[in-house]
Amino acid sequence: MAKKIQSKTPHPARVHATSVINPGDVIRRRRLALELREIDLAKAAGIQPGTLDAIEKGRVKNPSVSFLCSIAQALGISVASLFSEIEEGRDHRIFTGNQKGVHVLEFPKNGARIICYTPIEAGYFVGKVLLRPGAKIERKLLATKGHCFAQSIIGKLILEFDKKEYVVKEGDYVCFEGQFPYSFNNSQMKETSFLLITIPSFLAAGSR
Numbered sequence: 001m002a003k004k005i006q007s008k009t010p011h012p013a014r015v016h017a018t019s020v021i022n023p024g025d026v027i028r029r030r031r032l033a034l035e036l037r038e039i040d041l042a043k044a045a046g047i048q049p050g051t052l053d054a055i056e057k058g059r060v061k062n063p064s065v066s067f068l069c070s071i072a073q074a075l076g077i078s079v080a081s082l083f084s085e086i087e088e089g090r091d092h093r094i095f096t097g098n099q100k101g102v103h104v105l106e107f108p109k110n111g112a113r114i115i116c117y118t119p120i121e122a123g124y125f126v127g128k129v130l131l132r133p134g135a136k137i138e139r140k141l142l143a144t145k146g147h148c149f150a151q152s153i154i155g156k157l158i159l160e161f162d163k164k165e166y167v168v169k170e171g172d173y174v175c176f177e178g179q180f181p182y183s184f185n186n187s188q189m190k191e192t193s194f195l196l197i198t199i200p201s202f203l204a205a206g207s208r
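The sequence shown begins at 1 in full-length UniProt numbering and counts up one residue at a time.
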């Protein structure tokens with residue numbers, strides 16, 4: 001039986017519109033700097049050359065985190081580094097923003113959409129996760145070895161943590177250590193959303 005457990009967002013100091021992530025140009029520049037052919041990088045990353053080509057040319061507007069992690073590892077850099085050039089000039093001492101966030105990560109196959117309130121390259125992650133009815137996202141998508149905080153904003157959220165279920169009702173929150181197996185599940189017939197904080201960021205180097 002499930003156990004019961006008894007939020008502003010940033011854009012940089014300078015005006016910066018919410019964007020859909022597209023690190024393709026950075027990947028291409030990094031690849032060329034290493035004198036790697038597309039096919040060589042694709043093979044090292046374990047992805048199809050056509051997929052890498054589509055990412056580099058921006059035809060894939062929202063590359064999956066798994067693809068980005070594989071490509072970054074093959075290039076010998078962190079996922080965050082893929083975005084550092086995009087976010088140059090940003091004052092990282094302070095962030096202000098609105099509900100649109102800084103970036104949006106789309107995971108159609110997982111039924112999830114993540115609005116990032118912190119820049120991709122930040123050492124910590126703050127964002128809002130929206131889950132479609134029946135959707136479930138597992139640790140491999142949001143993996144971090146550090147700490148996680150999740151607070152239900154709209155609807156009820158089910159956290160499966162270390163083989164146990166915890167019901168997080170609207171307004172309630174849960175904190176847990178990210179190195180253990182966990183997943184977030186929306187068992188409702190409507191979309192649910194929750195605030196997510198991970199330290200370090202699940203996109204940071206070595207976070208997994």
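Just so it is clear, CB atoms sit at the ideal spot from N, CA and C, and this is done for glycine as well.
Going by C-alpha positions, Leu141 is about 18 Å away from Cys175. With contacts defined as CB atoms closer than 7 Å, Arg30 and Leu68 fail to qualify as a contacting pair. Judged by beta-carbon spacing, Phe184 lies beyond the 7 Å limit of Ala143, meaning their Cβ atoms are not closer than that value. With respect to Glu38, Asp53 sits close: the two C-beta atoms are nearer than 7 Å. Burial is judged here by how many other beta carbons sit within 10 angstroms of a residue's own beta carbon; Ile94 has fewer than 16 and is exposed.
Cα atoms of Gly127 and Asp40: separation of roughly 34 Å, rounded to the nearest angstrom. In the three-state DSSP reduction, Gly127 falls in the strand class (E or B). The beta carbon of Gly50 sits closer than 7 Å to none of the beta carbons in its chain outside the five residues before and after it. The beta carbon of Ile197 lies closer than 6 Å to those of Val126, Phe149 in the same chain, with the five residues before and after it left out.
With contacts defined as CB atoms closer than 7 Å, Phe194 and Ile153 qualify as a contacting pair. In this structure, the beta-carbon distance from Tyr117 to Gly101 falls below 7 Å. Note that the C-beta distance between Val79 and Ala72 is below 7 Å. When DSSP assignments are scanned along the stretch 24-94, the uninterrupted stretches of alpha helix (DSSP H) that are 4 or more residues long and fall wholly within it turn out to be 24-33, 38-45, 49-56, 65-75, 81-84.
Here Ala150 is bridged, per DSSP, to Val174, Leu196.
Here the alpha carbons of Ile77 and Asp25 stand approximately 15 Å from one another.
When the Cα atoms are used, Leu130 and Glu177 turn out to be separated by approximately 21 Å. Residue environment: Thr192 is assigned as buried (16 or more neighbouring CB atoms within 10 Å of its CB, all protein chains considered).
Nearest to Phe161 by C-alpha distance, out of Leu32, Leu82, His147, is His147. Relative to Glu170, the option among Gln188, Lys163, Lys164, Gln179 whose CA is nearest is Gln188.
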